[in-house]
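Protein chains: 2
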Amino acid sequence: MPYPQLAVTVDVAIFRLIGRALHVALIHRDTPPFSGALSLPGGFVRGQEDTTLEDAARRVLTDKTGVSTPYLEQVASFGDATRDPRGWSVSIAYMALVRPETEVAEITPRGGDLIWHSVDEEALPAPLAFDHDRILGAAIRRLRDKVEYSSLPAHLLPEHFTLPELQAIYENLIGRSLDKSAFRKRMAEADFVEPVEGVKRAASHRPPQVYRLKDEARPVLFNRSL
Amino acid sequence: MPYPQLAVTVDVAIFRLIGRALHVALIHRDTPPFSGALSLPGGFVRGQEDTTLEDAARRVLTDKTGVSTPYLEQVASFGDATRDPRGWSVSIAYMALVRPETEVAEITPRGGDLIWHSVDEEALPAPLAFDHDRILGAAIRRLRDKVEYSSLPAHLLPEHFTLPELQAIYENLIGRSLDKSAFRKRMAEADFVEPVEGVKRAASHRPPQVYRLKDEARPVLFNRSL
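Top to bottom, those sequences are chains A and B. Taking the UniProt record's numbering, I'd label the letters of the first sequence as residues 1 to 226. Taking the UniProt record's numbering, I'd label the letters of the second sequence as residues 1 to 226.
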């Protein structure tokens, strides 16, 4: 049976903290369409090569940025006749969260400079290629929407962290201070971090306990927001 | 430039209340693959015909069920090498909410019986065709997740409703009683219903005011859950 086919891409918004500021990875396109513009890292889904959409997103991530990350989430799909001048196309958008210490190629393995751009609305270099402004906007909203009621912010921390560092990242992304004892109670209920046995920060008289995520690939949703 | 193409479908979970029970529309497939099995209404995205993915979902909805609805929401996308025996395919899943009084063809315009199945987990006739069990599961979760903090339940009511009817649909979907004055306060804050001028239910000594949705196509999200 002959049936219609379309171009399908995966495009990935890769988020990372630089200092206290949330940044996203953008690539200078060196081939048409939109040659010279910035875009999210992305590529076609290849039926011969990829087993699932998520496989395709992981392949694109590694091929284009050298990054692999345990945390990848599908955001939404965007498809219409005009977003790509080559014709009807569908983009399956993902977001990835990487730790601050992750090594990322500055020149991507497949060519094209990779830059980290602050996600502050004023700083974003619009317009991006294709409809990537819209896709990036959806990914930023998804991340911000989840900050208050999930373990997502912890995926932006280094592998080992203290509870004050965990609280600071939530406060940073939410934009307000949180009560220390209420925060610790909620973290204990949500049960997504575990102490790293025998590891403490030696800087003070009573060195703080160091923690890590119980499961790096699976975020935990809270019963109610912070 | 030659680039890879894939089959892309839209599949729609259409929800409707029958009595107090949430139901979903399923179609008896009369063509392969999965001939004889039940599936969600769906079809290929046609680049020549559809302008956007949402257009395609609306076309499929009308062609296959005779239903048109103001409320349609993208749920997620599912794509891999094995979900369709014909080869690699991507399904963009939507959910639609229709009012109880909506007329729905019993024999679909394109052939195949349409049946309404209760969404109670025990009653679902698994396995559905393709990966539609998984898609339907995702749509049910999305709907249930949003019940507590959005106007979504109101989209399952008749065009005109009273506040006690509105409260009853929330209680029904959430599965617990709600305090009347707290509920009314939250509805007033969320500001998504408006009185229908001059229309009251005449059944009682003090006939209750009748309301309708301010905007049928756009649900409102609450600041906090009910």
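We put the CB at the ideal spot given by N, CA and C, even for glycine.
On the DSSP letters alone, give me the boundaries of the alpha helix (DSSP H) that residue i sits inside.
| i | result |
| --- | --- |
| V60(B) | L53 to T65 |
| F183(A) | K180 to A190 |
Suppose the cutoff is 6 Å on Cβ atoms and the five residues either side in sequence are ignored; what does the same chain contact list for residue i look like?
| i | result |
| --- | --- |
| A81(A) | W88 |
| A76(B) | A93 and A138 |
| S118(B) | A21 and H23 |
| L53(B) | I92 |
| P85(B) | P33 |
| R16(B) | H23 and V98 |
| M95(A) | A13, E73, V75 and A139 |
Cβ of residue i versus every heavy atom of the ligand NAD: is any distance shorter than 7 Å?
| i | result |
| --- | --- |
| S177(B) | Although the ligand NAD was asked about, the structure shown includes no ligands whatsoever. |
Just how far apart, CA to CA, sit residue i and residue j?
| i | j | result |
| --- | --- | --- |
| P2(A) | V60(B) | 18 Å |
| K180(A) | Y149(A) | 16 Å |
| F44(A) | D55(A) | 12 Å |
| A126(A) | G79(A) | 20 Å |
| R224(B) | L156(B) | 21 Å |
| I18(A) | W116(A) | 9 Å |
| residue 251(A) | R206(B) | As shown, chain A starts at 1 and ends at 226. That puts residue 251(A) outside it, with no answer to give. |
| R141(B) | N172(B) | 16 Å |
| A123(A) | L26(B) | 48 Å |
| residue 268(B) | T9(A) | There is no way to answer for residue 268(B), as the model of chain B reaches only from 1 to 226. |
| K200(B) | G42(B) | 40 Å |
| G47(B) | D11(A) | 20 Å |
| E49(A) | E216(B) | 43 Å |
| F192(B) | R218(B) | 9 Å |
| D63(B) | P32(B) | 19 Å |
| I169(A) | P153(A) | 7 Å |
| L136(B) | T51(A) | 22 Å |
| A188(B) | D145(B) | 21 Å |
What did DSSP end up calling residue i once you bin it into helix, strand or coil?
| i | result |
| --- | --- |
| A168(B) | helix |
| A7(B) | strand |
| A25(B) | strand |
| L128(A) | coil |
| M1(B) | In this prediction, M1(B) scores a pLDDT of 46, lower than 50, which makes its location untrustworthy; no coordinate-derived value is stated. |
| L221(B) | strand |
| L163(B) | helix |
| residue 267(A) | Here chain A has residues from 1 to 226 only, and residue 267(A) is not among them. |
| A37(A) | coil |
| L17(B) | strand |
| E216(B) | coil |
At what residues does the beta strand (DSSP E) containing residue i begin and finish?
| i | result |
| --- | --- |
| H117(B) | L114 to S118 |
| G87(A) | Here G87(A) belongs to no beta strand (DSSP E), and DSSP marks it neither H nor E. |
| G137(A) | Taken as a continuous stretch (DSSP letters only), G137(A) belongs to no beta strand (DSSP E), being part of the alpha helix (DSSP H) at H132 to V147. |
| S77(B) | Y71 to D80 |
| E194(A) | V193 to K200 |
| V210(B) | Q209 to L213 |
| G175(B) | Segment: none, G175(B) is in no beta strand (DSSP E) and carries neither H nor E. |
| F44(B) | G42 to F44 |
Note down, in chain order, each residue of its chain lying with its Cβ closer than 8 Å to the Cβ of residue i, except the 5 sequence neighbours on either side.
| i | result |
| --- | --- |
| I174(A) | V147, E148 and L226 |
| R83(B) | S89, S91, F130 and D131 |
| S177(A) | E171 |
Excluding the five sequence neighbours on either side, which residues of its own chain have a C-beta within less than 7 Å of the C-beta of residue i, listed in chain order?
| i | result |
| --- | --- |
| residue 242(B) | Not covered by the structure: residue 242(B). The range shown for chain B is 1 to 226. |
| L6(B) | W88, S89 and V90 |
| A190(B) | S151, V220 and F222 |
| E165(B) | L157 |
Could you check whether the segment 61–73 of chain B touches the segment 31–39 of chain B, counting it as contact only if at least three pairs of C-beta atoms, one from each stretch, sit closer than 8 Å? no
Say whether the segment 89–102 of chain A touches the segment 49–68 of chain A, bearing in mind that this needs 3 or more beta-carbon pairs closer than 8 Å, one atom from each stretch. yes
Are three or more beta carbon pairs between the segment 203–222 of chain B and the segment 152–161 of chain B nearer than 8 Å? yes
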